[in-house]
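Numbering (the numbering used here), first residue to last: 368 to 1277.
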């Protein structure tokens, strides 16, 4: 928009732009004031149309009535829009008048800019220019305000409130089951509901079993009373059963997303069509016609059946649908809306890094969650290096199943320990991916973690060589010639490499088996034979006992998971006890044959047979009482304990490590002695200083009556023992000069402690540890305390000795931190090596603060709740009482078959 600059605007362009902007705003306000009254009629008609649609009138009205209503609304809406064609954009003069009227300005300050003076004299022109400038400045500060359409003047009877009120009520009603939608105006109406009194409709929704939700009844007394859409899990089974009637009732499902509505066919019609198709396939020479007739077969079932006799009742019809998306169901004029709750895939992730236990088992901690619970989880273990083309591995990939609780598996945090040392991939670098699966079959995967798969540590080189032969052809059976060459190389000088004749004969027999193995079964037998030879060379009978114990634990875990009978659980528990007894006997014999160092025996944790027996008894009692989840968790804990148990056999390099650990313990003991002596010396200094102060205030004992000393002596007898009494009596009889001399005599002891601390620091440096600043500060404080004692200043000496004690504590804490870091680094570095000393180090104190049974140590900090909570006797007794009550109820006369089935499901005997 352009304006001709007149009057004051010729010399003030900024003022002209401001006035032009005000005029534009005023014209916009005028336009809205003119158009809003004209929009009342179109908006009212649109509101009435939406209200009629939301009330469901278009859905229940016949087609000809629906089209009449739609046409009437369309005609009225177009007719109401006709006045808008006469609407014009406001003129500039109208905008000026609006600004003057809204701001109550006299003398027409807006229009004065276009006026001319009546007399063309210089004085009158100058005066007129000044007047125009003042009026223009007033215009620039004006405000047009908001539109004021004055709708009441156009609608004197307030009829506009009727469409608004009806619109709000219809909007609330649209969320109910009977509510409609604007799309119903352009959609054919469903068939009219039947008014046959013999017609009965039963409809219900059955959520998937893995959701644990109860069925939702749409009809009957137990029907859902809510008016909103029914929220159901995804893949719920919809069942509609129609009894009686004329057979022309239609069951229609309309997707909410706007897809084509589908008419369901009965299950009886589906079965009849399938039977007809099978019969046609069996008939020879008619395959071409059968294909063309199978498609329209279901459509025939939607047509009304042939007329029947008036008194003949139609058989029940059943309709079924798997509800995978939101929508609405219409049956004989009744409508139900469904909101499907999507089923998200499960999530699973590592809880920390997978690690190796003491005996080589792989421990994996993980966390997972799912909408309705994780049904199955396992670890996918694949080699990092791709096998050569055409490679034929003898064994499949390792099967590592993650332990899951049978209840409350929506959010899972657990630790699984399984031994994979027998698999050929043990010792190779692998990729581990956790995979979780829910009840709907959806899977979730965790990020991949790479590590070296834990393997069996062999301290005997001959056993390691035999195990390597097995691994060579087990990873690729085409490498059998190379494995045979490795076996033959062992027997080049058997008198040096194989001193045991039995081992030599076993290895030679394995060589013949390797040469004669042809099929997969023979190859597997040969691989197992080589593995048994390697274990026999390494551990003797202990490896067989350990394998038997592991098999017994696995069999019991599978029985608990598969809900085996009490007799089966009792039998497997007996096998577990026998296997445990055999393993502990072999372990005790191994400990006797390989004694530990005296210093190491003090820190070695002892496993009592009684503790293991009590734990197995609790597992059996929990399984019998019905609490098999707790029994499963306790069995997992027992398995993890046994995995963290070390056989106690000295490994290569272990003796040197034990010697270094013994030296560290000696230095710790020396530090403790220094701190104890410093504490005693500070106590003596304090007593002498207090006695000296008392002498300075009261005088020497010779100047006081003897009764005071006797009273103090009696008081000392009540508070202290005989030694305290004599010490109190000696200080009471000493003079001030004698007390000062006693303080000076303590200087030698203080200096001696300083020398011991210096020797301790030198010894720590010899062990590769850097003494902390606390030791240096303590040595300085000891020196200051010694000088104060030499001068007879007891108060300063006590202060220095106290500072020295605090510094010693700080230095001790720093030393312990260095020792723990060194132990952890060594454990991590040697844990990767097969059979290295890191295993024994971990069994004695590493294990991340756990004892050989896998339990947190008392000094490892607070309990973070990662242990299995064992039910006490009250919980077990209560569970037993509940089971007895259920059995008693089941033995009595029941009200119906449903109750009996319910009780049987509680007992898990069906």
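Just so it is clear, CB atoms sit at the ideal spot from N, CA and C, and this is done for glycine as well.
- About 6 Å separates the CB atoms of residue 771 and residue 741; that is less than 8 Å, so the two are in contact.
- When the beta-carbon positions are compared, residue 900 and residue 877 come within less than 9 Å of each other.
- Residue 1031 counts as buried, since no fewer than 16 other beta carbons sit within 10 angstroms of its beta carbon.
- Contact between residue 721 and residue 730 holds: their C-beta atoms lie close to 7 Å from each other, under 8 Å.
- Per the C-alpha coordinates, the member of 874, 1006 and 596 positioned closest to residue 943 is 1006.
- The beta-carbon separation of residue 902 and residue 946, rounded to 16 Å, does not stay under the 8 Å limit for a contact.
- Counted as a single uninterrupted DSSP element, the alpha helix (DSSP H) harbouring residue 647 occupies residues 634 to 649.
- For residue 810, the closest C-alpha among the options 745, 830, 1181 and 1062 is that of 745.
- Per DSSP, residue 846 lies in no alpha helix (DSSP H) and is assigned neither H nor E.
- Note on residue 1183: under 16 other CB atoms within 10 angstroms of its CB, so exposed under the neighbour-count rule.
- Sequence-distant partners of residue 718 (beyond 5 residues in either direction) whose C-beta falls short of 6 Å from its own C-beta, in its chain, are 732, 733 and 734.
- Residue 600 sits in a strand when the DSSP states are folded into three classes.
- The shortest CA-to-CA distance from residue 546 to any of 423, 498 and 444 is the one to 423.
- A distance below 9 Å separates the beta carbons of residue 1155 and residue 1163.
- Beta-bridge partners assigned by DSSP to residue 703: 696.
- Per the Cβ contact rule, the segment 566 to 585 is in contact with the segment 601 to 620 (3 or more Cβ pairs under 8 Å).
- Bridge partners of residue 729 according to DSSP: 723 and 785.
- CA-CA distance, residue 1269 to residue 575, rounds to 18 Å.
- CA-to-CA, the gap between residue 792 and residue 580 works out to about 44 Å.
- Pairwise C-beta distances place the segment 750 to 760 out of contact with the segment 696 to 714, as fewer than three of them are shorter than 8 Å.
- Its Cα nearest to that of residue 390, the residue 458 stands out among 441, 439, 551 and 458.
- Under the three-state reduction of DSSP, residue 629 is assigned to strand.
- Secondary structure of residue 431 (DSSP, three-state): helix.
- Secondary-structure assignment with DSSP links residue 801 through a beta bridge to 746.
- A straight line joining the alpha-carbon of residue 412 with that of residue 516 spans about 20 Å.
- For the pair residue 1121 and residue 1042, the Cα-to-Cα distance works out to about 11 Å.
- Less than 9 Å divides the Cβ of residue 1003 from the Cβ of residue 924.
- In this structure, the straight-line span from the alpha carbon of residue 599 to that of residue 847 is close to 59 Å.
- In the pairwise beta carbon analysis, the segment 1123 to 1133 is classified as touching the segment 1144 to 1158: at least three pairs are separated by under 8 Å.
- Taken through DSSP and simplified to helix, strand or coil, residue 882 comes out as helix.
- The residues 987, in chain order, have a CB closer than 6 Å to that of residue 940 in the same chain once the five nearest residues on each side in sequence are set aside.
- In its chain, beyond the 5 residues on either side, 547 and 551 have a beta carbon closer than 6 Å to the beta carbon of residue 426.
- Taking the Cα positions, residue 1061 is about 17 Å away from residue 1165.
- The secondary-structure analysis by DSSP pairs residue 609 across a beta bridge with 568 and 684.
- Counting along the chain, the unbroken beta strand (DSSP E) around residue 717 starts and ends at 714 to 717.
- As far as DSSP is concerned, residue 1053 takes part in no beta bridge.
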